[in-house]
Amino acid sequence: MPHFTVVPVKDQAQSNYDSLEGINWVDYRDTGQENHDHQDTVSSDGHGSHKEDSPFLNSGDAASKRNDFYDRNLALFEEELDIRPKVSSLLSRLVNYTNITQGAKEHEEEESTEASRRKTPKSPNMGTLMGVYLPCLQNIFGVILFLRLTWIVGMAGIMQSLLIVLMCCSCTMLTAISMSAIATNGVVPAGGAYFMISRSLGPEFGGAVGLCFYLGTTFASAMYILGAIEIFLKYLFPQAAIFHATDPLGGDSAMLNNMRVYGSICLTLMAVVVFVGVKYVNKLASLFLACVIISIVSIYAGAIKSMTHPPEFSICMLGNRTLVRDRFDVCAKTVMEGNISVPSQLWHRFCLAENTSSAQCDDYFIQNNVTEIQGIPGLGSGIISDNMWGNYLQKGQILEKAGLHSVDAHGTMDNFGMYASADIATSFTLLVGIFFPSATGIMAGSNRSGDLRDAQKSIPVGTILAITTTSLVYFSSVVLFGSCIEGVVLRDKFGDAVRKNLVVGTLSWPSPWVIVIGSFFSTVGAGLQSLTGAPRLLQAIAKDNIIPFLRVFGHGKTNGEPTWALLLTGLIAELGILIASLDMVAPILSMFFLMCYLFVNLACAVQTLLRTPNWRPRFKYYHWALSFLGMSMCLALMFISSWYYAIVAMFIAGMIYKYIEYQGAEKEWGDGIRGLSLSAARYALLRLEVGPPHTKNWRPQLLVLLKLDEDLHVKYPRLLTFASQLKAGKGLTIVGSVVQGNFLESYGEMQAAEQAIKNMMEIERVKGFCQVVVASKVREGIVHLIQSCGLGGMMHNTVVMGWPYGWRQSEDPRAWKTFINTVRCTTAAHLALMVPKNVSFYPSNHERFTEGSIDVWWIVHDGGMLMLLPFLLKQHKVWRKCMMRIFTVAQMDDNSIQMKKDLATFLYQLRIEAEVEVVEMHDSDISAYTYERTLMMEQRSQMLRQMRLSSAERQREAQLVKDRHSLVRMGSLYSDEEEEVVEAPPEKVQMTWTREKCEAERRNRSNAPENFRELMSLKPDQSNVRRMHTAVKLNEVIVNRSHDARLVLLNMPGPPRDTDGDENYMEFLEVLTEGLERVLLVRGGGREVITIYS
1 MPHFTVVPVK DQAQSNYDSL EGINWVDYRD TGQENHDHQD TVSSDGHGSH KEDSPFLNSG
61 DAASKRNDFY DRNLALFEEE LDIRPKVSSL LSRLVNYTNI TQGAKEHEEE ESTEASRRKT
121 PKSPNMGTLM GVYLPCLQNI FGVILFLRLT WIVGMAGIMQ SLLIVLMCCS CTMLTAISMS
181 AIATNGVVPA GGAYFMISRS LGPEFGGAVG LCFYLGTTFA SAMYILGAIE IFLKYLFPQA
241 AIFHATDPLG GDSAMLNNMR VYGSICLTLM AVVVFVGVKY VNKLASLFLA CVIISIVSIY
301 AGAIKSMTHP PEFSICMLGN RTLVRDRFDV CAKTVMEGNI SVPSQLWHRF CLAENTSSAQ
361 CDDYFIQNNV TEIQGIPGLG SGIISDNMWG NYLQKGQILE KAGLHSVDAH GTMDNFGMYA
421 SADIATSFTL LVGIFFPSAT GIMAGSNRSG DLRDAQKSIP VGTILAITTT SLVYFSSVVL
481 FGSCIEGVVL RDKFGDAVRK NLVVGTLSWP SPWVIVIGSF FSTVGAGLQS LTGAPRLLQA
541 IAKDNIIPFL RVFGHGKTNG EPTWALLLTG LIAELGILIA SLDMVAPILS MFFLMCYLFV
601 NLACAVQTLL RTPNWRPRFK YYHWALSFLG MSMCLALMFI SSWYYAIVAM FIAGMIYKYI
661 EYQGAEKEWG DGIRGLSLSA ARYALLRLEV GPPHTKNWRP QLLVLLKLDE DLHVKYPRLL
721 TFASQLKAGK GLTIVGSVVQ GNFLESYGEM QAAEQAIKNM MEIERVKGFC QVVVASKVRE
781 GIVHLIQSCG LGGMMHNTVV MGWPYGWRQS EDPRAWKTFI NTVRCTTAAH LALMVPKNVS
841 FYPSNHERFT EGSIDVWWIV HDGGMLMLLP FLLKQHKVWR KCMMRIFTVA QMDDNSIQMK
901 KDLATFLYQL RIEAEVEVVE MHDSDISAYT YERTLMMEQR SQMLRQMRLS SAERQREAQL
961 VKDRHSLVRM GSLYSDEEEE VVEAPPEKVQ MTWTREKCEA ERRNRSNAPE NFRELMSLKP
1021 DQSNVRRMHT AVKLNEVIVN RSHDARLVLL NMPGPPRDTD GDENYMEFLE VLTEGLERVL
1081 LVRGGGREVI TIYS
């Protein structure tokens, strides 16, 4: 760790300070100690979403500290010290940052009174041993070790049991390595695995896996309670059973009912203890851990003692079958009373007659001998060779010893209860699912990171040491059990062959009661720990507000205790209690824990491969390959243990993921999935750079130019509606607008405009991006958008803009000049152009056209845009019922019949269904109406050019324009300022009249009537007459054929090369589209966009 030395230097005089080069002294007076508000720590909203308005730590009240900002060595930065605090202030706040666990004492002090806020929080002082190692041991060691490990060894054999332990412990070890990397990459608050996954993989994965982890922890509490009740009813107080079997085969159902009743009572008592106070649970944790350690030590002591003095637990065998030992007193068919041999209790169990000569006995009992063997032969007996390999049984199969002689005979079912038998069918996969919960609990250290003195050192060391310790215990226990205990005893789950003793207790020293009592208290303690942790995990998820219906569970008592979450946890745990079988509950929680561990590994692998700048874990012994191996092992174990449970768990997680995604969890946690998306986008963009898209892949990638009003509202939202109907969620859509003004002054206005457009995009269901630029001229801003929008291969190829309404009535020519300039720019950039005219009449997304047509007037071929656009529109539900009609124009020398056939063939090859019609335009005579319309157009243009304002009027007009724009800098999208900038006049205009100026003014006034006479005698230009003739004739034909069409698509003629005719061009477009309700003017981009080839 780097060391810093601060050398105080005496304050120099001002004259000396002026001559200094650099910083010679450091002032640490503003250390942040004056502000003891501990809420003023890292800038966060409490849910991990960092505040966007201030990217730095809160600096408190800037006004109260204004004097501190003027440090002499920081004069260059004094104007920004309110948002860029001094390093000393930053470090003091980071040092005072505390990670308060929910429900802890500090949390209660934090929310109780104002005075408690001023208290300095107790510094974390727990080391690796007490803070990580022992809690992990307590959570890992559990009910499976004492109740099921001997049974697993008996069923699977030593070799396969070692394989099961190796698989489970390797999985948790690899997960611990990944978890250590994540946990040492910054501070991990309360929430443990949920916090790590959600902040690494995003709210969707975090919520899904967090709930799975919560369900796993809740079912773990049910499993521990069932284990405690099993110990209570089987080994401590069997006489406490409420339900009793009425027949020999009904013992299992009676036991399950007893488990349900006592389990529900125990769950209620534990929930009350947790509700009353967590501090009692935490105080008893050390006692429960001591019980676990004493129990394990007694097992090793008993195994060592068995080498010389094996414990006396004899097993009674009938032939090679194992008998239930508590049903009779003497392991013999007859006993001696005096000198007389009389039938034993065992004889009466199998025979109906009183004397031994009678033949009314079970056939198997008569033909086989009763023998007694040692149940615990000891470590030096060589029994390990018999227990080396597996011996899986079906449900109801009697436990048999392979080496004993037996005569196979059919026995009666009435005596089935005398034999020790398997209660469930066993297999390797089932045993994996049952054992895996005994390897969980590795998150205990990361959950306590706020209490650790050095969490980034303690968590990896403590967790890995705990897993290593528990793995060695499991490996050695498997070998010891297989080396010391007889195989039929190992396969006897409930100890029926050893007088209902706990099997592992028969090996312990000094007494079996050490294991029985120790395991009972350890399972009760583990259940309390799970009931304590699960509600807090649910509360952390609820407070993150990523799952709306869980919001109520974020509330609790005034001290932060999660009351409602505890209630839900109790109800879910009751479902596990009602299952009533430890062997059925264990695979369920295995699924949820395995899914959690899978995503911990995935989070580490994603962060490692992305090499995100913030990925700097202090734990260095990790690798993405190890994480992927751990992830693969988790997935494999899920399907090995129970494939149908695995599918159900994945389905639950998938549903939660999609729900959070659908609700739109607006959380930015810097997660790895966002980084993965960026990497994938970068890769795809680089691939797109190889070349332009093929014609088959061409689709309109839109740049929609929007106009905003003075209140920054979208003026024509139907442009966005049309874009959404055309795109149907596919391809690229960029919505752009221009804010007129200076960037430094209009930045806030630009952000407001961008937010207004985004809101409208959401309303109109436009999936795309928004880009607003600030420019001194709207015309220049539009050019910037056309040039710079998009990235790499994801560039727009089509521009959509509105029609400049009211251009005729306005004396200001800037509106239509901006429009025409945009048309020229799109043509120069080889972009397609769409201009929806009368866009206010376009249908909304909620309307449906049940009939009607989309008419395409194909005048000239410009790449096939006119064919493609109706097809794309008909994919949307608004236009789906409309038929498509295509009209083309035949001239004098065209064969209209052949044109119609060719067009129908072309459409057939394009796979487009449409009606085809060829319109003949033979009348080429120019009508008087056309001539008069052209004359009126040119007279209007000439009149506007001749209109000149006086100097004073022009200056006043400029002043008005300036005042108006100084109030509202949002310019019209189609109103730009002229190329010639009018200089701002002074406040007072003073004019000095000379004789020459006065005479010139008289001449101008006398020339006005003469100019009017010239205007009336004006003759129209012949080229304009021809263009007007085309517009008039086409408009007549289009209105005649398509007056009732839902939409008319029409080729848009290009602007004239000579800019002097721009105003005439606008008139031609008006004439061409007169009388049509909805018109879409389309101009191709100079490339083919549709093909007949597959």
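Residue numbers (the working numbering): 1 to 1094.
Backbone N, C-alpha and C fix where the C-beta goes; we use that ideal spot for every residue, glycine too.
Is it buried or exposed, residue i, if we count other Cβ atoms within 10 angstroms and call 16 or more buried?
{"i": "Thr308", "result": "exposed"}
{"i": "Glu764", "result": "buried"}
{"i": "Trp643", "result": "exposed"}
{"i": "His1043", "result": "exposed"}
{"i": "Ala303", "result": "buried"}
{"i": "Glu920", "result": "exposed"}
{"i": "Asp362", "result": "buried"}
{"i": "Met413", "result": "exposed"}
What does a CB cutoff of less than 6 Å around residue i pick up in its chain, not counting 5 residues either side in sequence?
{"i": "Ala1045", "result": "Ser853, Asp855"}
{"i": "Gly396", "result": "Ser421"}
{"i": "Val514", "result": "Ser298, Ser508"}
{"i": "Leu833", "result": "Val799, Thr826, Arg1083"}
Taking 8 Å as the limit between beta carbons, can you name the residues of its chain near residue i, skipping five residues before and five after?
{"i": "Ser950", "result": "The pLDDT assigned to Ser950 is 40, lower than 50, so where the model puts this residue is not dependable; a value taken from the coordinates is nonetheless given after this. So the list is empty, once near-sequence residues are dropped."}
{"i": "Ile577", "result": "Ala222, Ile225, Leu226, Met259, Arg260, Gly263, Ser264, Leu267"}
{"i": "Met388", "result": "Gly157, Ile158, Met159, Gly482"}
{"i": "Cys168", "result": "Val432, Phe435, Phe436, Ser438, Ala439, Leu637"}
{"i": "Lys770", "result": "Lys is not the amino acid found at residue 770; the sequence shown has Cys there. Here the set comprises Ile734, Val735, Gly736, Glu754, Ile757, Lys758, Met761."}
{"i": "Arg787", "result": "Reading off the sequence shown, one finds Gln at residue 787, where the question assumed Arg. The answer, listed in chain order, is Ala829."}
How is residue i classed by DSSP in three states: helix, strand or coil?
{"i": "Arg969", "result": "Any reading at Arg969 needs caution, since the residue's pLDDT is 39, under 50, leaving its predicted position unreliable; the model's value is listed next. Residue state, collapsed to three classes: coil."}
{"i": "Val1118", "result": "As shown, the chain starts at 1 and ends at 1094. That puts residue 1118 outside it, with no answer to give."}
{"i": "Gln374", "result": "strand"}
{"i": "Ile786", "result": "helix"}
{"i": "Thr888", "result": "strand"}
{"i": "Gly792", "result": "coil"}
{"i": "Arg1083", "result": "strand"}
{"i": "Ser341", "result": "strand"}
{"i": "Thr246", "result": "coil"}
{"i": "Ala527", "result": "The question names Ala, yet the displayed sequence has Gly at residue 527. DSSP places Gly527 in helix when its eight states are reduced to three."}
{"i": "Leu201", "result": "helix"}
Pull up the DSSP beta-bridge partners for residue i, would you.
{"i": "Tyr419", "result": "Leu323"}
{"i": "Pro311", "result": "Looking at the DSSP assignment, Pro311 forms no beta bridge with any residue, so it has no partner."}
{"i": "Ser853", "result": "Met883"}
{"i": "Trp858", "result": "Thr888"}
{"i": "Met130", "result": "Note: Met130 sits in no beta bridge, so no partner."}
{"i": "Pro836", "result": "Leu1080"}
I need the straight-line Cα distance from residue i to residue j, nearest angstrom please.
{"i": "Ala409", "j": "Ile398", "result": "14 Å"}
{"i": "Gly495", "j": "Gly375", "result": "11 Å"}
{"i": "Lys543", "j": "Ala534", "result": "14 Å"}
{"i": "Leu166", "j": "His796", "result": "56 Å"}
{"i": "Ser896", "j": "Val1032", "result": "22 Å"}
{"i": "Arg969", "j": "Pro836", "result": "In this predicted model, Arg969 has a pLDDT of only 39, less than 50, meaning its place in the structure is not dependable; the value taken from the coordinates is given anyway. Distance between the alpha carbons of Arg969 and Pro836: 27 Å."}
{"i": "Ser1077", "j": "Cys882", "result": "One point to set straight first is that residue 1077 is Glu, not Ser, in the sequence displayed. So the two alpha carbons sit approximately 16 Å from each other."}
{"i": "Ser476", "j": "Leu352", "result": "48 Å"}
{"i": "Ser844", "j": "Thr721", "result": "6 Å"}
{"i": "Thr1098", "j": "Val1079", "result": "The structure shown does not extend to residue 1098, since the chain is modelled only from 1 to 1094, so the question has no answer here."}
{"i": "Ala466", "j": "Val292", "result": "14 Å"}
{"i": "Thr818", "j": "Phe549", "result": "51 Å"}
{"i": "Pro512", "j": "Phe141", "result": "19 Å"}
{"i": "Val772", "j": "Ala752", "result": "10 Å"}
{"i": "Met584", "j": "Leu215", "result": "15 Å"}
{"i": "His1029", "j": "Val1071", "result": "10 Å"}
CB-CB under 7 Å to residue i, same chain, minus the five flanking residues each way: which ones, in chain order?
{"i": "Leu566", "result": "Ala271, Val274, Phe275, Pro535"}
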